[in-house]
Structure formats: C-alpha cells, structure tokens
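Okay, so the sequence shown: first residue is 7 according to the working numbering, each after it adds one. C-beta atoms are modelled at their ideal positions from N, C-alpha and C, and glycine is treated no differently.
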Amino acid sequence: MSRQFSEIFDELESWYGMEAGRVVLDKVRAHLATYLDTAFGYHILQIGPVREHSLIEQGRIHHHIYAGPRGGSAVGLLCEGDELPLASDSVDVIVAHHSLEFSTNPHQVLRELQRVLTPQGHLFIVGFNPFSLRGLGLLLKRFGRYSPWRRHHPVSRDRLCDWLRLVGCDPGSSSFLHAVPGIGGRRVRNLLERLDNACGRYNLPLGGLYVVHAIKQQPGVTGSRLDLRKHGGKLIGLAVPKPAATPSPAPAGPARGHSGAIRRRPNGDIIH
Numbered sequence: 007m008s009r010q011f012s013e014i015f016d017e018l019e020s021w022y023g024m025e026a027g028r029v030v031l032d033k034v035r036a037h038l039a040t041y042l043d044t045a046f047g048y049h050i051l052q053i054g055p056v057r058e059h060s061l062i063e064q065g066r067i068h069h070h071i072y073a074g075p076r077g078g079s080a081v082g083l084l085c086e087g088d089e090l091p092l093a094s095d096s097v098d099v100i101v102a103h104h105s106l107e108f109s110t111n112p113h114q115v116l117r118e119l120q121r122v123l124t125p126q127g128h129l130f131i132v133g134f135n136p137f138s139l140r141g142l143g144l145l146l147k148r149f150g151r152y153s154p155w156r157r158h159h160p161v162s163r164d165r166l167c168d169w170l171r172l173v174g175c176d177p178g179s180s181s182f183l184h185a186v187p188g189i190g191g192r193r194v195r196n197l198l199e200r201l202d203n204a205c206g207r208y209n210l211p212l213g214g215l216y217v218v219h220a221i222k223q224q225p226g227v228t229g230s231r232l233d234l235r236k237h238g239g240k241l242i243g244l245a246v247p248k249p250a251a252t253p254s255p256a257p258a259g260p261a262r263g264h265s266g267a268i269r270r271r272p273n274g275d276i277i278h
C-alpha cells in the first residue's frame with residue numbers, strides 16, 4: 007500500500023466509525039440492497055480502503071470477497087486496486103468503495119475492475135461527490151500545508167461515466183446520497199433529515215456521495231448498435247455489391263469457310 011494514503015485511510019475509517027459516517031454507510035447499504043437483492047451470480051467483490059464495514063452482506067450471492075490495500079479481519083485479499091490477483095471475467099458483482107479517488111492511477115484501477123468483471127456483470131462505484139457540502143469540506147482540508155488530503159483527487163460523476171464508457175462499461179443509473187448532514191439538536195436534525203430525503207427523492211446532484219451503476223458490455227456489441235436495433239436503424243452503412251450479370255451465349259451462326267467469307271450465288275442463295 008502507498009504510504010502517502012495511510013493517514014487518509016486512518017481518518018476515513020475513523021469517520022465511518024462515528025455516528026455521521028454510520029448514517030452514510032446505512033444509506034449506501036440501503037441503496038445497494040435494491041440491486042443486490044435481485045443480482046445473481048457466484049462471486050461478489052467489495053474493494054476499497056475502508057475495512058470492517060461491509061456493503062455486500064445483503065443479496066443472493068453467497069461468496070463474498072473483500073479486498074483492500076490494508077489487512078484486516080474481513081479482508082481476504084491484500085492488494086492494490088490497480089493490480090487485482092483475480093482471473094479475468096470471474097466476478098459477477100463488484101462494489102468499489104472509494105477505490106478510484108485514493109489511487110495514484112485511477113484509470114488503471116478502473117481497467118482492472120472491468121477486466122475481472124464477467125460480461126454483463128454489475129459494477130457499483132461509491133465515491134465522494136466534489137460538488138457537494140461534503141466535497142467542499144474535503145477541498146478545504148487540502149489547503150493545509152501538511153494535510154494528507156492534498157493527495158485526495160475526487161472524480162466527478164460525469165467524468166467517471168466517461169471513463170466507464172472508454173473501458174467498455176455502460177453507465178446506467180447514478181444516485182446522490184446524504185446531501186444534508188445531520189447536525190444540531192433533535193428538532194433541527196429532523197428538519198434536515200426531511201430535507202435530505204427530499205433531495206434523495208428527486209436525485210439532486212447535491213449528495214455528499216454518489217453511487218454509479220454500470221454493466222460490462224459483451225465484446226463486439228456496443229450501446230449505439232443496440233440503440234439502432236431498437237429504433238430500426240441501419241447497423242452498418244455499407245452498400246452491398248450486386249452480382250455481376252452472366253453473359254448469355256451468342257446464337258450459333260452459319261458455318262464459314264476457311265477464308266471466313268460467305269459465298270453466295272448470283273440469285274443470293276448461300277453456296278454450301
């Protein structure tokens with residue numbers, strides 16, 4: 007594991023262990039449960055720097071794999087996200103929890119996630135939304151001279167969707183969670199909770215975290231082709247050459263002499 011992120015990981019785990027972090031985890035679990043309850047397959051993977059907090063307990067897939075850059079009682083695979091010790095096309099569902107924004111090579115991490123995912127497998131990426139109150143707070147942390155958060159490079163939802171398309175994954179739904187933090191007294195918290203629920207109900211891009219759901223596409227089948235088929239358009243705009251006409255045999259003519267000229271009598275009859 008890169009030592010440059012160790013302090014951030016400690017602080018991140020500490021925050022998820024506090025009340026505010028546990029609330030966020032519960033929201034993420036509840037959101038993922040709507041998908042995992044209907045997902046089928048043999049293996050499901052959770053990867054990220056946060057240990058001891060499972061996001062994949064619910065669902066029908068029973069073989070759970072936990073991977074991360076730091077060891078722990080629940081971590082079965084100690085590895086970096088840009089080099090996964092898993093076979094290609096072997097995992098049916100992947101939940102990547104803060105795996106891209108705390109990496110020096112997020113593009114390679116995304117390529118590795120796509121590699122190990124089965125065709126038509128499901129990928130869920132959970133990350134901090136830079137355009138939110140939480141994202142603003144993390145941005146202010148980067149201005150400290152010795153702050154470890156200077157190494158934090160959040161990825162926006164739109165940019166992540168562009169990256170997913172480049173590696174052959176089709177980004178589908180995306181949701182923003184925990185727009186308004188729960189602070190203040192009981193009455194204020196209840197008011198803020200209702201406000202947060204309203205933001206989530208309309209999926210306003212204000213949530214402190216986002217969850218992007220993508221599906222790995224089959225080789226040779228692109229989303230544009232599927233759309234064209236759905237609307238009855240042409241798949242390939244190439245003209246099909248017509249078969250060449252076969253020449254008809256020439257009718258047999260009268261026999262000719264050795265000279266090639268036809269001899270006739272004075273009355274016009276042919277001399278045989």
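Practice task
Any chance you could list the alpha helix (DSSP H) runs of at least 4 consecutive residues sitting entirely within the region 128–205, in chain order?
Solution key: Whole alpha helix (DSSP H) segments, 4+ residues: 139–147 and 163–172.
Problem - L215: first and last residue of the uninterrupted alpha helix (DSSP H) it sits in - result: Unbroken run through L215 is the beta strand (DSSP E), L215 to K222; no alpha helix (DSSP H).
Exercise for the section: Buried or exposed for G82, please, with buried defined as at least 16 other CB atoms from any protein chain shown within 10 angstroms of its CB. Expected result: A residue is called buried when at least 16 other Cβ atoms come within 10 angstroms of its Cβ; G82 does not meet this threshold and is exposed.
Handout entry: Coarse secondary structure for D16, derived from DSSP in three states
Key = helix
Exercise for the section: For P55, name the three-state secondary structure that DSSP assigns. Expected result: coil
Problem - chain B contact for P177 (CB, 8 Å cutoff) - result: The structure shown contains no chain B; it is built from a single protein chain.
Handout entry: Neighbour-count burial assignment, A36, 16 or more Cβ in a 10 Å radius
Key = A36 should be labelled exposed.
Handout entry: Contact check, N135 vs G143, beta carbons under 8 Å
Key = no
Problem - Sequence-distant residues of the same chain with beta carbon closer than 6 Å to W169, five excluded per side - result: L116
Practice task
Kindly confirm or deny that the region 209–228 and the region 125–132 touch, where touching means at least three C-beta pairs closer than 8 Å.
Solution key: yes
Practice task
Kindly indicate which residue of L139, L146, V97 and H113 has the alpha-carbon position closest to the one of V122.
Solution key: Out of L139, L146, V97 and H113, V97 has the C-alpha closest to the C-alpha of V122.
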